[in-house]
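Just below is one structure, and these are the notes that go with it.
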Ligand SMILES: [Zn+2]
Ligand SMILES: [Zn+2]
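In my numbering, the protein residues as written are 8 to 131.
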């Protein structure tokens, strides 16, 4: 199944031509800051299954795994649409919210529960 993810303004688009290998919900404080939301959710795809169209700006930061993560966001509207975890160089992570699809498969794991907001339940 092919799915498209996009930024808020539509200038940056990512098309994923296969199913995600992993869907990870992250409660960490860095994801909270990046998204402006209490958690972030990433769908990991094989790099060869992902096509990126449009301009993007990169921001790289270290992660708790010890490997940096390179985030790509729309230079116009600022949505972070996808990122490259150096720990998984053959994978691309795509922000699940950018698919704007309430029927997108649910997360397969949740990480960094130590910073989960009290009212949030992982629900799977
Ligand atoms: Zn945009
Ligand atoms: Zn995180």
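From the three backbone atoms N, C-alpha and C, an ideal C-beta is built for every residue, glycine too.
Within the same chain, show all residues whose beta-carbon is closer than 7 Å to that of residue 73, passing over the 5 residues directly before and after it, in chain order.
Cβ within range, chain order: n/a, list empty.
Just reading off the alpha helix (DSSP H) that residue 37 is part of, what are its end residues?
36 to 42
What residue from 102, 33, 126, 78 has the CA that sits closest to residue 92's CA?
78
Would you say residue 14 and residue 86 are within 7 Å of each other, going by their C-beta atoms?
yes
Using three-state DSSP, classify residue 23 as helix, strand or coil.
strand
Decide if residue 27 is buried, meaning its Cβ has at least 16 other Cβ atoms within 10 Å, or exposed.
With 16 or more Cβ atoms within 10 Å of its Cβ, residue 27 is classed as buried.
If you draw a straight line from the C-alpha of residue 111 to the C-alpha of residue 44, how long is it?
If I take the Cα positions, the gap works out to 18 Å.
Since residue 59 is in the beta strand (DSSP E), which residue starts that stretch and which ends it?
57 to 60
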